[in-house]
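To start, the structure under review is shown below, and the notes come after it.
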Amino acid sequence: MERVIEPPVLARQRETSWSLTAAFVVMVAIFAIGPFVVYPVFLMKALCFALFACAFNLLIGYVGLISFGHAMFFGWASYVTAYAAKSWGWPPELAIIVGTAAAAVLGVVAGSLAIRRQGIYFAMITLALAQMLYFFALQAKFTGGEDGIQGVPRGHLFGVFDLSNEMTMYLFILVVFLAGFLLIYRIINSPFGEVLKAIRENEQRAISLGYKTERYKLVAFVLSATLAGLAGSLNSLVFQLASLTDVHWSMSGDVVLMTLLGGLGTVFGPVVGAFLVIAMENYLAPFGQWVLVIQGAIFVVCVLLFRRGIVGELAQVLRVQL
Amino acid sequence: MFEVFGIPSQALFGQLLLGLINGSFYALLSLGLAVIFGMLDIINFTHGAQYMMGAFAAYLLLHHIGIGYWQALVIAPILIGLTGVLIERLFLKHLRNLDPLYGLLLTFGLGLVIEGLFRNYYGSSGLPYQVPEALQGGRNLGFMFLPNYRAWVIVLSLAVCFATWFAIERTRLGSYLRAATENPVLVRAFGINVPRMVTLTYGFGVGLAALAGVMAAPIYNVSPQMGSDLIIVVFAVVVIGGMGSIMGAILTGFALGIIEGLTKVFYPEASNTVIFVIMAIVLLIRPSGLFGRSA
Amino acid sequence: MTPTGRLAFAVAALMCSVAAAQAQEDDVVKIGVLTDMSSLYSDIGGPGSVAAAKLAVEDFNPAAHGMKVEVISGDHQNKPDIGANLARQWYDVDHVDVIVDVPTSSVALAISEITREKNKVFLGSGPASSDLTGPKCSPNTIQWTYDTWMLANGTGKAVVKTGGDTWFFLTADYAFGQALERDTTKVVLANGGKVLGSVRHPLQTSDFSSFLLQAQASKAKIIGLANAGGDTVNAIKQGAEFGVTSGGQHFAGLLVFINDIEALSLKTAQGLVLTETWYWDMTDANRAFTKRWQASRPGKFPSMVPAGVYSSVIHYLKAVAALKSDTDGRAVVAKMKEMPTDDALFGKGSIRADGRKLHDAYLFEVKAPEESKYPGDDYKLRATIPAAEAFRPLKDGGCPLIGG
Chain W
0 MERVIEPPVL
10 ARQRETSWSL
20 TAAFVVMVAI
30 FAIGPFVVYP
40 VFLMKALCFA
50 LFACAFNLLI
60 GYVGLISFGH
70 AMFFGWASYV
80 TAYAAKSWGW
90 PPELAIIVGT
100 AAAAVLGVVA
110 GSLAIRRQGI
120 YFAMITLALA
130 QMLYFFALQA
140 KFTGGEDGIQ
150 GVPRGHLFGV
160 FDLSNEMTMY
170 LFILVVFLAG
180 FLLIYRIINS
190 PFGEVLKAIR
200 ENEQRAISLG
210 YKTERYKLVA
220 FVLSATLAGL
230 AGSLNSLVFQ
240 LASLTDVHWS
250 MSGDVVLMTL
260 LGGLGTVFGP
270 VVGAFLVIAM
280 ENYLAPFGQW
290 VLVIQGAIFV
300 VCVLLFRRGI
310 VGELAQVLRV
320 QL
Chain Y
0 MFEVFGIPSQ
10 ALFGQLLLGL
20 INGSFYALLS
30 LGLAVIFGML
40 DIINFTHGAQ
50 YMMGAFAAYL
60 LLHHIGIGYW
70 QALVIAPILI
80 GLTGVLIERL
90 FLKHLRNLDP
100 LYGLLLTFGL
110 GLVIEGLFRN
120 YYGSSGLPYQ
130 VPEALQGGRN
140 LGFMFLPNYR
150 AWVIVLSLAV
160 CFATWFAIER
170 TRLGSYLRAA
180 TENPVLVRAF
190 GINVPRMVTL
200 TYGFGVGLAA
210 LAGVMAAPIY
220 NVSPQMGSDL
230 IIVVFAVVVI
240 GGMGSIMGAI
250 LTGFALGIIE
260 GLTKVFYPEA
270 SNTVIFVIMA
280 IVLLIRPSGL
290 FGRSA
Chain G
0 MTPTGRLAFA
10 VAALMCSVAA
20 AQAQEDDVVK
30 IGVLTDMSSL
40 YSDIGGPGSV
50 AAAKLAVEDF
60 NPAAHGMKVE
70 VISGDHQNKP
80 DIGANLARQW
90 YDVDHVDVIV
100 DVPTSSVALA
110 ISEITREKNK
120 VFLGSGPASS
130 DLTGPKCSPN
140 TIQWTYDTWM
150 LANGTGKAVV
160 KTGGDTWFFL
170 TADYAFGQAL
180 ERDTTKVVLA
190 NGGKVLGSVR
200 HPLQTSDFSS
210 FLLQAQASKA
220 KIIGLANAGG
230 DTVNAIKQGA
240 EFGVTSGGQH
250 FAGLLVFIND
260 IEALSLKTAQ
270 GLVLTETWYW
280 DMTDANRAFT
290 KRWQASRPGK
300 FPSMVPAGVY
310 SSVIHYLKAV
320 AALKSDTDGR
330 AVVAKMKEMP
340 TDDALFGKGS
350 IRADGRKLHD
360 AYLFEVKAPE
370 ESKYPGDDYK
380 LRATIPAAEA
390 FRPLKDGGCP
400 LIGG
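Protein chains in written order, with numbering that gives the first Met the number 0: chain W, 0 to 321; chain Y, 0 to 294; chain G, 0 to 403.
Okay, structure coming up:
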């Protein structure tokens, strides 16, 4: 029976291959010129979601666990950061830290409940937990329910950089995204990451070799949750708004779509997938519900024909690691 | 009029009865899902959209052809069941040997496509569908006023659930189906056309969803998103009941409807989440669900 | 988005991103109709509001003033984040100068903030929350057609005075619903009534059965519906199913539009008392407008919301013509407040310092089917509430723009 994720080509090499470095350089170059060509707010949104997708990919691509509830980390970090920045008047760096920390805590709680099961049951538990948190967000006073938390101030980063300037904000988001991206890459290519991949290949064997697989999976889950939360925190500051959309199950579905389209288990897949999906949603917005149709169609086509995703297929064709 | 834990009995029985009505829908929908998962190992995320198509079929049959509720109860499930057969032949067949999560992703995508298409065409606000003449009005039960139609919903779903359970667990056809799930190769060796049974079973499960949709049309708004929020709750029900257990799905559906009704009386803020809380707890203690077979 | 269009945006975005919040000088007055095109409030605002905006531009006759005017539209789907994103993009990239309509209070509040930040103009003829001219008032925002205080005062007072003195609220759980419940509660209590309880329901609920049961259990004479659009229609329909009215209780629709009455049918809605600030069949001018409006919306009738869009757009264009510029939002709004309003639909009126447009309000009662002579003949006038009394007194709003 085919595993959900096929290991990427040449995945076992530990040194960074030239293709990865090249791709990274290209990516940074594109993001550097980006804001002068395209609306910066759109790019910032794409970067936040790229980080979200990379975090999600950590769990599904390298541990082999599909979570249908990742919106809870993204969304709740978003709420906490928005609340801290608006009602407590915290500066952006502290607001982001507390939001990300909230996601980490949620990750520990959710992870310890969900990790015990696998496959479809794991997915269902994460979905159930996310739904509970959605309804909680709907009713809690501080989240503002249907109205969300509006008018979140971007503030001054470290008291110095005025984030209401679009270019400054963009630079900040880009730096944080690259840091997160590199962190994930580092995690994957570390002894810890190797154990994760071993667990994905054959958990029984890993256990028999003496690894406490539950613990590794939990740590990976919490890392994934924390970085997803970081993405959510950034998002709330970019748009100065935290709303129910961020915790809704369709947000969880979106991140699955992005990662699937880009390529599960590839390094750059989630970034590409996120950009494509956000761009599609943006440009098709005037056409209303066609966005839903196209998203669904992408799911169907990818599952039937392009299980490796765009970057995965590209890597396969070029026989490089991406 | 007496009080139970400080709540007047009138409110209690009223919400219990409403809970039973909701439970009927949960039971019918989770029955379809359980049949599909139990027999085919497919997690049918399209179920919500198929439920919605059933309701729309009833609406369209009435407004374009003039076919009323009673005929729609039979025609709509058959029509939508046929679309299910189509889906199975075109898409699901290819995923038979893959991890079931791929089936989940594909059916999820199909659900989005269907919902998107309907939303494009019909907008998001609801379309009206009248309660059929024979079932209008209601009865004052003393503790609440029960509309006749809602009573009918309970009766019909109990009947359909029982009939389905009986067909699968107690008839020869049902035993072929169950055998085919356990060991398709062996059953095929006996000359039974397994792929066709699989296709028809999927179609049947989809038909059940569509039937629930027709029943829902007069009381809930017929709108393109009527399925998507309901489907998550139904999944929770199926997981609690035990994926693959027919009786489990039915009993759990009704039971959870009632529990939800009780929660609305005693602690309304939690009424949306109680089913998920129960699901999380059940999965931790008994991962295969309350009535499930394999872990 | 064509490649050429994309390039145009790129150039525009380039200019935008370099000069962050600088207003763009161009010679086109761009009006963005931000509304609910496809869901709960699509009949109340939606394409009808777009049609009204276009009629307003036509009647203003930009060419005669040496101006070019363009109307675009967008769907906020009742979600603050989608509305906010669209507004931002419209202001930053598409050079939209003014946003109109926005029939959802939570979205309107977000739009008001963004409009203030970008120094553009927001003419809300759709939203209800009285907070828009209260604590959240802004020098860039005018609330045009109605608000929750006016509705509470109109309908609420009238109902209490005719004997409906015990209330139970069924409230849509967001800014608008809560504001409406709050304002109506004040009116009920001030007039000697009692509020026996309330229950909040999520926006766009399809099944009201358990909420209605609680309302019936409370035995309140009046079940106040602090919601709108499809939610109100569903609650009333299901109320009929559960025998609410035959049990002696009455619904008070606190925000009801003619589109809801049409959806319910006169048979179900007859006797319902409601407050609107405009009715298509009241004057010849209204009827003439409706006829033109129906060219794009056959079979439907305009509620006070599209009428408000028409009125606000015309007055805005007059102000821009007088100032000969549309770039400084605050200046345009100040001009709009300075000039008295006068248009075919609302007649003479004025705009207060806190951004509240003033005009008469009308208490209507829904006709019985026998009383209706032609389609759309739904209302009979019960009372006229003059502008001076219809809206919340300036000093009570808590608007920071009004000293103290």
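Beta carbons are placed, not taken as given, at the ideal position from N, Cα and C, and that holds for glycine.
Each of G47/Y, F234/Y, S156/Y and A26/Y was checked against the Cα of L111/Y, and the nearest Cα belongs to G47/Y. Closer than 8 angstroms at the C-beta level to chain G, one finds these residues of the stretch 210-223 of chain Y: I218, Y219, N220 and S222. Under the Cβ criterion (8 angstroms, minimum of three pairs), the stretch 241-255 of chain W counts as touching the stretch 143-150 of chain W. Shown here, Q149/W sits in a strand according to DSSP, grouped into three states. One finds Q149 and G150 in chain W with Cβ atoms closer than 7 angstroms to the Cβ of E112/G, taken in chain order. For G348/G, the three-state secondary structure derived from DSSP is strand. For M225/Y, the chain G residues whose Cβ falls inside 7 angstroms of its Cβ are S205, in order along the chain. Between the alpha carbons of A51/G and A227/G lies a distance of about 21 angstroms.
Counting only residues of its own chain and dropping the five nearest sequence neighbours on each side, L275/W has a CB closer than 7 angstroms to the CB of L260.
In this structure, DSSP gives H64/G a helical state, which the three-state scheme calls helix. Annotation: N152/G has no Cβ neighbours in chain Y at a cutoff of 9 angstroms; minimum Cβ distance is about 29 angstroms.
Taken in chain order, the unbroken stretches of alpha helix (DSSP H) that lie wholly in the stretch 247-317 of chain W and span 4 residues or more are 248-261, 268-283, 289-303 and 308-317.
DSSP places D161/W within a strand segment (E or B) once states are collapsed to three. When CB distances to chain W are screened at a threshold of 8 angstroms, the residues of the stretch 81-99 of chain G falling below it are I81, A83, N84, L85, R87, Q88, D91 and V92, in chain order.
At the C-beta level, L357/G and R351/G come within 8 angstroms of one another.
Take the alpha-carbon of D280/G and the one of G136/Y: they are about 35 angstroms apart.
The beta carbon of G133/G does not come within 8 angstroms of any beta carbon belonging to chain Y, so the residue lies off that interface.
Burial check for L202/G: the Cβ neighbour count within 10 Å reaches 16 or more, so the residue is buried. The DSSP-derived three-state label of Y266/Y is coil. Distance from A101/W to W75/W at the Cβ level is roughly 6 angstroms; contact confirmed, criterion being Cβ atoms closer than 8 angstroms. In the DSSP annotation of this structure, the continuous segment of the beta strand (DSSP E) that includes W166/G starts and ends at T165 to A171. Between the stretch 90-109 of chain W and the stretch 233-240 of chain W, the count of Cβ pairs shorter than 8 angstroms is three or higher; the stretches touch. Short of 7 angstroms from the beta carbon of L105/W, and not among the five residues preceding or following it, lie these beta carbons of its own chain, in chain order: M71, F72, W75 and A224.
Chain order gives the chain Y residues near E240/G as P146, where near means a beta carbon separation below 7 angstroms. For the pair G125/Y and V232/Y, the CB atoms are not nearer than the 8 angstroms cut-off.
Listed by position along chain W, the residues whose Cβ is nearer than 7 angstroms to that of M278/Y are A127. In the structure shown, the three-state DSSP call for Q142/G is strand. Taking the C-beta atoms as reference points, S37/G is found nearer than 8 angstroms to R118/Y. If you look at P183/Y, you'll find it in the alpha helix (DSSP H) that goes P183 to A188. C-alpha of A178/Y to C-alpha of V186/Y: approximately 7 angstroms in a straight line. In the DSSP assignment, G137/Y falls within the unbroken beta strand (DSSP E) covering G137 to N139. Within the stretch 15-85 of chain W, the runs of alpha helix (DSSP H) at least 4 residues long that lie entirely inside it are, in chain order, 17-36, 39-61 and 70-85.
CA-CA distance, R355/G to L116/Y, rounds to 41 angstroms. For H249/G, the enclosing beta strand (DSSP E) covers residues H249 to G252.
If you check the CB distance, A109/W and L137/W do not come in under 8 angstroms. Secondary structure of P7/Y (DSSP, three-state): strand.
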